[in-house]
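Peer 1: The structure's right below; bear with me while I get my questions together.
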Amino acid sequence: MIRTIGRTSNQEIINDFQLEDIKEKMFEWYWVDIGEPTKEEEILLSSFFHFHPLAIEDCLFRLQRPKVDHYDGHSFFVLHTFNEETLEAEELNLFVGENFVVTFHFPPMHELDQARERIVENTKWWNRGAMHTAYHIVDKVVDAYFPIVYKIEDYLNDIEDKLSSDVYHLSLDQVFDLRSDLLRLRRTILPMRDLIYRVLNSERVNLQQTEKAYFGDIYDHLLKLGDMVESNRELTADIRDSQMSINSSQMNRIMMILTTVSTVFIPLTFIAGVYGMNFTNMPELEWRYSYFIVLGIMLIIAVSMLAWFKYKGWFNLFKN
Amino acid sequence: MIRTIGRTSNQEIINDFQLEDIKEKMFEWYWVDIGEPTKEEEILLSSFFHFHPLAIEDCLFRLQRPKVDHYDGHSFFVLHTFNEETLEAEELNLFVGENFVVTFHFPPMHELDQARERIVENTKWWNRGAMHTAYHIVDKVVDAYFPIVYKIEDYLNDIEDKLSSDVYHLSLDQVFDLRSDLLRLRRTILPMRDLIYRVLNSERVNLQQTEKAYFGDIYDHLLKLGDMVESNRELTADIRDSQMSINSSQMNRIMMILTTVSTVFIPLTFIAGVYGMNFTNMPELEWRYSYFIVLGIMLIIAVSMLAWFKYKGWFNLFKN
Amino acid sequence: MIRTIGRTSNQEIINDFQLEDIKEKMFEWYWVDIGEPTKEEEILLSSFFHFHPLAIEDCLFRLQRPKVDHYDGHSFFVLHTFNEETLEAEELNLFVGENFVVTFHFPPMHELDQARERIVENTKWWNRGAMHTAYHIVDKVVDAYFPIVYKIEDYLNDIEDKLSSDVYHLSLDQVFDLRSDLLRLRRTILPMRDLIYRVLNSERVNLQQTEKAYFGDIYDHLLKLGDMVESNRELTADIRDSQMSINSSQMNRIMMILTTVSTVFIPLTFIAGVYGMNFTNMPELEWRYSYFIVLGIMLIIAVSMLAWFKYKGWFNLFKN
Amino acid sequence: MIRTIGRTSNQEIINDFQLEDIKEKMFEWYWVDIGEPTKEEEILLSSFFHFHPLAIEDCLFRLQRPKVDHYDGHSFFVLHTFNEETLEAEELNLFVGENFVVTFHFPPMHELDQARERIVENTKWWNRGAMHTAYHIVDKVVDAYFPIVYKIEDYLNDIEDKLSSDVYHLSLDQVFDLRSDLLRLRRTILPMRDLIYRVLNSERVNLQQTEKAYFGDIYDHLLKLGDMVESNRELTADIRDSQMSINSSQMNRIMMILTTVSTVFIPLTFIAGVYGMNFTNMPELEWRYSYFIVLGIMLIIAVSMLAWFKYKGWFNLFKN
Amino acid sequence: MIRTIGRTSNQEIINDFQLEDIKEKMFEWYWVDIGEPTKEEEILLSSFFHFHPLAIEDCLFRLQRPKVDHYDGHSFFVLHTFNEETLEAEELNLFVGENFVVTFHFPPMHELDQARERIVENTKWWNRGAMHTAYHIVDKVVDAYFPIVYKIEDYLNDIEDKLSSDVYHLSLDQVFDLRSDLLRLRRTILPMRDLIYRVLNSERVNLQQTEKAYFGDIYDHLLKLGDMVESNRELTADIRDSQMSINSSQMNRIMMILTTVSTVFIPLTFIAGVYGMNFTNMPELEWRYSYFIVLGIMLIIAVSMLAWFKYKGWFNLFKN
Ligand SMILES: [Mg+2]
Ligand SMILES: [Mg+2]
Ligand SMILES: [Mg+2]
Ligand SMILES: [Mg+2]
Ligand SMILES: [Mg+2]
Ligand SMILES: [Mg+2]
Ligand SMILES: [Mg+2]
Ligand SMILES: [Mg+2]
Ligand SMILES: [Mg+2]
Ligand SMILES: [Mg+2]
Ligand SMILES: [Mg+2]
Ligand SMILES: [Mg+2]
Ligand SMILES: [Mg+2]
Ligand SMILES: [Mg+2]
Ligand SMILES: [Mg+2]
Ligand SMILES: [Mg+2]
Ligand SMILES: [Mg+2]
Ligand SMILES: [Mg+2]
Ligand SMILES: [Mg+2]
Ligand SMILES: [Mg+2]
Ligand SMILES: [Mg+2]
Ligand SMILES: [Mg+2]
Ligand SMILES: [Mg+2]
Ligand SMILES: [Mg+2]
Ligand SMILES: [Mg+2]
Ligand SMILES: [Mg+2]
Ligand SMILES: [Mg+2]
Ligand SMILES: [Mg+2]
Ligand SMILES: [Mg+2]
Ligand SMILES: [Mg+2]
Ligand SMILES: [Mg+2]
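Protein chains in written order, with UniProt numbering: chain A, 1 to 320; chain B, 1 to 320; chain C, 1 to 320; chain D, 1 to 320; chain E, 1 to 320.
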């Protein structure tokens with residue numbers, strides 16, 4: 001599906017014109033968006049726009065890393081958006097020339113609709129040309145990263161708050177999922193950051209001073225997103241280690257209680273076993289109070305063992 | 001709430017003048033602080049001061065990373081202070097022009113009161129202009145980081161000293177909390193450090209040599225804070241590992257004692273069980289001294305097991 | 001075995017000509033591939049082509065790191081291909097001069113056949129000369145890395161999806177194998193990346209602007225491969241840690257169930273032991289309902305212990 | 001306490017002259033050391049020497065990071081020495097001007113006595129001026145780091161040698177102490193290294209070529225100290241991991257032996273328990289050889305269990 | 001012991017001449033090797049060669065880090081060789097001037113004999129001068145690193161292959177030893193690499209283009225050695241983690257089998273205990289088939305427990 005927008009030399013914004021209208025050169029700037037393309041639409045990249053074959057190859061074949069390439073007459077950007085459900089990166093290809101922007105992408109991308117809306121709304125920016133249109137697109141693409149990262153961060157803050165509470169038990173599987181999501185996000189955000197840095201500092205992208213401030217604003221966002229991803233990954237590592245140690249100490253505490261019970265009863269059971277033997281000649285058996293004495297001895301043994309454990313501090317060892 | 005201070009061309013300091021007075025241009029330099037702003041006060045940023053829309057957006061919307069941007073007629077700083085209780089970063093926006101400083105922040109910030117006091121006190125600095133006023137503000141902001149980091153460092157030194165003592169048991173949850181606090185601090189301190197570095201080395205911030213020494217002093221502080229945060233994070237990792245190994249070896253020592261008890265008694269209990277069987281034909285049962293012999297054998301077994309354990313060095317294995 | 005291809009001054013492509021034909025200088029450019037060389041063919045490097053002795057030494061002796069060296073009249077590249085089965089790196093030596101490419105390698109390499117095919121097919125590129133032929137070779141070498149890395153990545157994604165499922169048990173040995181494969185891949189991919197970077201930015205390799213775009217395309221691939229290898233290594237570490245914690249918590253859950261069973265029965269067995277003693281004077285033994293009372297007490301003890309465990313939350317502790 | 005030394009214009013070294021003598025300008029160079037200063041002596045920094053207020057602030061207040069600042073007429077160094085007992089860093093402030101060195105420090109520092117001695121001894125260096133005096137001081141400060149780092153390194157080498165021996169049991173607490181000491185040392189050594197690097201490469205410190213060799217020699221030492229600290233920290237991590245795994249495998253071996261004993265006896269005890277039951281109708285009890293048969297069965301069970309364990313390789317599992 | 005070699009102005013190589021012959025200046029270049037020096041030979045460094053005192057100090061006192069210093073009339077290199085048995089670094093000091101090389105070392109070094117041999121053999125290189133002689137020495141020093149690193153790498157590859165096999169049990173102590181050896185190697189190889197890099201890129205070392213290729217060849221080797229050391233250290237970490245998890249899961253499997261045995265028998269033993277009690281009124285005891293019924297119940301309990309374990313999947317849990 002192809003969507004178009006452009007500004008004519010008589011200061012009007014025209015929506016959804018035909019590609020043929022471009023040839024009449026009546027546009028100050030225009031943006032052609034090729035989304036979910038048919039085979040015929042794919043071919044337009046070379047037949048109609050005459051982009052560089054390497055750029056077209058990057059559009060059509062597997063996911064590229066975010067980057068910018070400069071060819072005669074156009075710069076070629078590869079940007080990433082995220083599929084909000086799977087957090088898989090998706091590729092948005094963007095060509096910028098003197099007076100045009102062309103975007104090309106296989107999955108539908110709502111970021112582009114938002115950019116189009118903002119362009120239509122801000123009449124005062126209409127005279128800024130193609131690079132400013134490109135700015136709106138990149139800005140919306142990067143803005144869409146924030147809810148994803150904030151969601152992870154909020155979730156981690158939640159976990160962090162609950163972590164010390166005794167009743168909360170964190171599944172380490174969740175933490176692993178978060179870590180792998182952050183890894184995936186990082187693989188897009190860091191190259192996007194470096195890409196915008198190169199755009200800001202390259203002599204080949206002829207950014208005007210006014211545009212620089214706007215791309216600088218995007219760079220800020222990417223710096224912050226990069227920081228957040230990195231420190232959230234460190235936080236997940238801390239949470240995982242902390243939770244594993246909590247689990248293991250809780251587990252140990254229980255094992256110790258259970259083992260203590262066994263340890264107290266085993267010698268007593270042995271004594272009972274001794275007096276359950278059937279030897280003919282076991283003089284104690286006949287004594288009057290021997291049964292009660294043995295019970296008393298058993299009690300003394302049990303109590304002394306517990307006292308010794310308490311003296312050794314084993315009971316408060318794993319209290320918290 | 002708006003607070004103002006400024007120096008008139010006739011060498012006086014005036015406090016809390018009206019914004020309208022500025023227009024009459026009687027000030028060598030002035031500082032306007034907009035704190036906990038009302039909606040009307042927020043609007044002043046654009047309607048009265050005419051700051052760049054991107055800078056105003058950064059003031060009004062979510063927390064930015066510490067940074068400096070240069071626009072026509074003013075530089076725009078985003079600084080972080082810390083909420084001393086939650087250790088959450090809070091945003092202080094600072095605009096510096098030729099002869100003015102404007103600060104804008106949502107939460108109240110005592111650092112600004114301290115900066116104001118110092119400005120009033122140091123009469124000899126009054127002629128240094130707006131950038132020196134900005135220095136006082138940034139200096140107070142960074143000075144306020146120290147008590148927070150020192151508190152964590154002192155606490156860690158405390159823990160470190162107690163760690164080897166036998167009676168001290170550290171909750172790993174505390175260590176995790178410290179680590180996450182240090183992570184949070186780092187997210188502010190490192191970008192603040194880089195920000196001051198850029199201020200010192202940028203050609204756009206026209207720092208005089210005298211001012212450079214003062215901003216260099218702040219940079220020293222941030223370098224030291226950065227070092228402290230990093231090495232304290234490493235220390236917490238060491239403490240955590242050390243404590244986990246202490247816990248686990250203490251736990252193991254106890255389990256081993258308990259298990260040893262069981263192991264000694266289990267064969268003896270078996271023997272008792274054998275002579276508790278009710279077979280008609282068990283010749284040993286009738287022998288005169290068999291009971292005592294069996295008791296003796298049990299004793300010998302128990303003693304030999306303990307002796308073997310001792311010989312194998314199991315008893316001193318987990319001594320400390 | 002020697003294979004040749006070249007373009008004569010009258011615009012033809014000639015395949016498999018004799019080395020002697022070169023001397024007659026009828027070639028615009030030519031490529032000589034020396035694969036699985038005999039001793040005589042090895043000697044050609046010095047006797048026929050007169051390459052630098054250090055470059056020849058690098059061809060003949062042990063595996064070099066990917067690199068480029070510049071000598072009078074030729075640049076010398078060491079490239080790595082992978083043995084697809086063992087993932088061992090194999091060395092491809094490549095000499096480029098004004099009008100020639102010479103490749104030298106001990107194992108057979110199908111990447112070279114593919115490069116040759118593409119050269120023959122793309123008639124429009126025939127006039128681009130030796131450096132473009134070199135591009136085709138390097139491109140095919142790097143393209144062949146992708147299936148290897150993608151295979152590992154797909155496998156890891158598979159593991160990641162199954163990881164939280166209860167019935168899936170991952171052998172940590174597999175993860176270790178993947179990690180060591182990734183280590184091996186990294187040892188080739190990172191130096192290859194740096195090598196292409198140097199080629200792109202060196203003044204000594206006189207790349208034309210058109211060729212730069214092509215080598216830049218290879219550089220993109222290597223950047224992406226480098227990212228994939230690094231983040232997949234991090235992912236394996238996460239998977240390993242996650243799986244170890246899953247294993248250990250499953251194991252702990254089972255141990256706890258088993259230990260709980262023991263703990264409940266051990267005091268009961270002790271009581272049974274007590275009433276199995278053979279003392280003459282054990283008044284309870286004669287009472288009418290004492291057996292049933294004791295059975296009841298045993299039941300009460302067992303139930304209270306289980307109730308206490310439940311109250312303490314031990315049963316749901318390791319549920320998930 | 002103030003100590004002075006200087007060289008007069010008539011080529012003499014004068015010790016412990018009065019500060020007032022300086023004003024008469026009879027010195028080619030002089031060094032004033034202010035150690036453990038009284039309040040009056042502290043004031044000299046501003047009243048007598050007129051150093052920059054920021055430098056004086058750094059002298060008087062809390063520990064600074066090692067650094068160099070350049071002010072009009074003097075450079076200001078902050079150096080660290082170590083308290084040899086606590087390994088705490090201590091601050092040595094050093095001012096260098098055209099013809100003077102001033103040192104200021106709160107704790108006593110024997111390094112300064114050594115520097116003074118060397119200056120007095122080396123008559124041929126007397127004409128080199130203030131910067132060479134500063135070199136002697138910095139050199140002695142850095143030389144004093146070596147015994148501290150060597151002591152840790154020797155201790156670690158010792159541990160490493162003993163580690164595999166069976167009788168040696170390392171307290172992990174010691175390793176933790178070493179790690180935290182190394183962390184503390186690193187916090188001084190790395191900034192000291194960077195400081196000397198800046199001195200060597202700065203245009204502001206007007207080092208002559210001859211002096212450069214001498215400061216370069218200090219830089220060598222700091223590079224080596226930095227390497228040693230870093231690799232010793234890695235070594236401690238390795239030792240800790242190795243020791244933990246040795247501990248845990250020793251512990252496991254013992255637990256397994258103990259558990260094996262229990263496992264062999266528990267079924268036997270059960271059998272004994274069965275024939276200890278008091279049912280009236282238990283035909284086996286009356287048979288002539290049933291007791292001996294049961295004993296034999298018990299023996300067979302025990303032996304088969306042990307044989308199965310041996311067949312499964314459990315006995316040699318934890319041998320080493 | 002002093003060994004000499006040099007080339008006279010009439011194109012001859014002279015071996016083992018006297019130091020006094022040098023003064024007559026008849027040499028185009030010469031190399032003096034001072035190995036295992038006597039006190040008198042040590043003094044030659046200053047009395048005969050007049051090297052810089054800082055360089056002489058570095059020769060005579062403790063082990064330096066690999067480095068290069070430039071003094072008037074000579075460059076001074078500190079190189080490391082390895083003691084092949086202990087893997088301890090040993091210091092080789094090398095002075096290079098316009099027409100001389102002087103080496104100085106305390107332990108004997110076979111690398112120098114090899115360098116001398118190669119010099120004598122390669123008559124065509126005789127006219128290249130002192131720097132080429134230095135190249136031969138450095139080359140032989142670095143070549144000698146390879147067998148050491150290859151030995152470790154081969155050993156690790158061996159371990160890696162055996163790791164998944166069930167019968168192979170790796171001592172973690174060995175892995176620790178390898179790690180500490182790699183640490184030691186790294187402490188030499190990385191500074192050696194940086195040293196050669198500085199030599200290649202420094203303006204002070206006046207390397208001719210031809211020599212650059214040769215030193216570049218050494219740099220290649222050091223890059224590769226550095227890579228190998230780093231990735232082998234990562235591999236040892238992986239092996240250690242993998243082995244620890246294998247050990248622990250094997251151990252856990254065994255513990256679980258043992259615990260399962262106990263868990264099955266403990267309730268049965270309890271039941272036997274109950275019917276071993278000596279109460280007068282235990283009606284079941286008198287019933288005709290109660291003994292057989294109880295045996296049957298015991299069997300049912302045991303079988304149901306095992307069935308439940310199997311249903312829960314515990315038996316295949318730790319199969320692999
Ligand atoms: Mg694509
Ligand atoms: Mg935005
Ligand atoms: Mg949040
Ligand atoms: Mg907490
Ligand atoms: Mg996910
Ligand atoms: Mg912004
Ligand atoms: Mg804001
Ligand atoms: Mg301050
Ligand atoms: Mg402190
Ligand atoms: Mg301690
Ligand atoms: Mg907190
Ligand atoms: Mg300061
Ligand atoms: Mg080779
Ligand atoms: Mg390709
Ligand atoms: Mg995939
Ligand atoms: Mg999962
Ligand atoms: Mg493999
Ligand atoms: Mg491409
Ligand atoms: Mg101080
Ligand atoms: Mg020294
Ligand atoms: Mg040593
Ligand atoms: Mg060892
Ligand atoms: Mg200490
Ligand atoms: Mg030295
Ligand atoms: Mg030496
Ligand atoms: Mg070599
Ligand atoms: Mg090998
Ligand atoms: Mg394997
Ligand atoms: Mg060793
Ligand atoms: Mg080579
Ligand atoms: Mg355990």
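Every residue, glycine too, gets a C-beta built ideally from N, C-alpha and C. Quick caveat, the model's predicted, so the values are computed rather than measured.
Indicate whether A/Asp58 and C/Gly216 have their beta-carbon atoms separated by less than 8 Å.
Peer 2: No; because the gap between Cβ atoms is not below 8 Å, this pair is not in contact.
Peer 1: Along chain E, which residues have their Cβ under 9 Å away from the Cβ of C/Phe61?
Peer 2: The premise fails here: C/Phe61 is roughly 11 Å from chain E at the closest Cβ pair, so nothing lies under 9 Å.
Peer 1: Between B/Ile239 and the rest of its own chain, which residues show a CB-CB distance below 8 Å, the 5 nearest in sequence each way excluded?
Peer 2: Taken in chain order, the residues that qualify are Leu156, Ile159, Glu160, Leu163, Leu170, Val175.
Peer 1: With a threshold of 8 Å between beta carbons, is A/Ala302 in contact with chain B?
Peer 2: Chain B contact via Cβ: absent.
Peer 1: Between the Cα of B/Thr236 and the Cα atoms of B/Tyr219, B/Gln64, B/Asp181, B/Met192, which residue gives the shortest distance?
Peer 2: The shortest Cα separation from B/Thr236 among B/Tyr219, B/Gln64, B/Asp181, B/Met192 belongs to B/Asp181.
Peer 1: So, for C/Val32: in the same chain, excluding its five sequence neighbours on each side, which residues have a beta-carbon less than 6 Å away from its beta-carbon?
Peer 2: Cβ within range, chain order: Thr4, Val102.
Peer 1: Give me the subset of the segment 269-283 of chain D whose CB atoms are less than 7 Å from a CB atom of chain E, sorted by chain position.
Peer 2: Within the segment 269-283 of chain D, the residues whose Cβ lies closer than 7 Å to some Cβ of chain E are Thr269, Phe270, Gly273, Val274, Gly276, Met277, Asn278, Phe279, Thr280, Asn281, Met282, listed in chain order.
Peer 1: Would you kindly report the start and end of the unbroken alpha helix (DSSP H) that includes E/Thr263?
Peer 2: E/Thr263 -> alpha helix (DSSP H) spans 209-274.
Peer 1: Answer with buried or exposed for D/Glu117, where buried requires no fewer than 16 other C-beta atoms within 10 angstroms of its C-beta.
Peer 2: By the 10 Å Cβ count, D/Glu117 comes out exposed.
Peer 1: Runs of 3 residues minimum, wholly inside the segment 94-163 of chain C: which ones carry the beta strand (DSSP E) assignment?
Peer 2: List check, beta strand (DSSP E) in window: 100-105.
Peer 1: What did DSSP end up calling E/Asp181 once you bin it into helix, strand or coil?
Peer 2: If DSSP states are grouped into helix, strand and coil, E/Asp181 belongs with the helices.
Peer 1: Taking C-alpha atoms, which residue in D/Val138, D/Gly276, D/Arg179, D/Met282 lies nearest to D/Val96?
Peer 2: It is D/Val138.
Peer 1: Under the DSSP definition of a beta bridge, which residues are partnered with E/Tyr30?
Peer 2: DSSP output for E/Tyr30 lists E/Gly6, E/Phe100 as bridge partner(s).
Peer 1: Between the alpha carbons of A/Met298 and D/Trp314, how many angstroms are there, rounded?
Peer 2: Taking the straight line joining both Cα atoms gives about 37 Å.
Peer 1: Is the segment 298-309 of chain C in contact with the segment 268-276 of chain C, if contact means three or more CB pairs nearer than 8 Å?
Peer 2: Judged by Cβ distances under 8 Å, the segment 298-309 of chain C makes contact with the segment 268-276 of chain C, as three or more pairs qualify.
Peer 1: Mark A/His80 as exposed unless 16 or more other C-beta atoms lie within 10 angstroms of its C-beta, in which case mark it buried.
Peer 2: Burial call: buried.
Peer 1: Determine the burial state of B/Thr123: buried for a count of at least 16 other Cβ atoms within 10 Å of its Cβ, exposed for fewer.
Peer 2: It is exposed - the Cβ of B/Thr123 has fewer than 16 other Cβ atoms within 10 Å.
Peer 1: Determine the closest residue to D/Lys39 out of D/Thr86, D/Phe106, D/Trp29, with distance taken between C-alpha atoms.
Peer 2: Ranking D/Thr86, D/Phe106, D/Trp29 by Cα distance to D/Lys39 puts D/Phe106 first.
Peer 1: Tell me the rounded alpha-carbon separation between D/His110 and D/Val205.
Peer 2: So the alpha carbons of these two residues sit roughly 27 Å apart.
Peer 1: For chain C, find out if any of its Cβ atoms is closer than 8 Å to the Cβ of A/Tyr71; answer yes or no.
Peer 2: Interface residue, yes.
Peer 1: Going by CA-CA distance only, name the one from B/Gly35, B/Gly73, B/Leu63, B/Met256 that's closest to B/His52.
Peer 2: Selected option, being the one with the closest Cα: B/Gly73.
Peer 1: With a CB to CB cut of under 8 Å and the five nearest residues on each side skipped, what residues in its chain are close to B/Arg65?
Peer 2: Once the five neighbours on either side are set aside, the close Cβ partners of B/Arg65 are Val78, Pro191.
Peer 1: Between the beta-carbon of A/Leu94 and the beta-carbon of A/Ile148, is there less than 8 Å?
Peer 2: For A/Leu94 and A/Ile148, no; Cβs fall outside 8 Å.
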